[in-house]
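Okay, so here's the structure we're looking at.
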Amino acid sequence: MIIGFGFGSPLTSLLMLLATSLISYSIFKWIQSRKQNDDLDEEARREALRRYYREQRERARQMMQEYDLTDEEIERRIDEELKRKW
1 MIIGFGFGSP LTSLLMLLAT SLISYSIFKW IQSRKQNDDL DEEARREALR RYYREQRERA
61 RQMMQEYDLT DEEIERRIDE ELKRKW
């Protein structure tokens, strides 16, 4: 990104060129710092994902215990629900 050539005096062109380079450098440094912060936060994200998957595994085990029923248990639950409605 170069701005400043062909506008007014050579001094104005140089000042615009310096301003453009400063802006470009600032954007570059900002992007680089974000990448470094992402690398540092990767361990935190990894831990959060690990915690999430462990919670999901625990929920799946609880649901499996609750809903892994034999045919007799299914019939008993159906009877209980129908009795409650009437």
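Each residue of the sequence shown is one higher than the last, beginning at 1 in my numbering. All residues carry an ideal CB built from backbone N, CA and C; glycine is no exception.
Asked: Where Ser9 sits in the DSSP three-state scheme; Found: coil
Asked: Every unbroken alpha helix (DSSP H) within the segment 11 to 53, with a cutoff of 4 residues, ordered by chain; Found: none
Asked: Arg61 versus Ile31 - alpha carbon distance; Found: 43 Å
Asked: Collapsed DSSP secondary structure at Leu82 in the structure displayed; Found: helix
Asked: Arg84 to Arg76 span [Cα, whole Å]; Found: 12 Å
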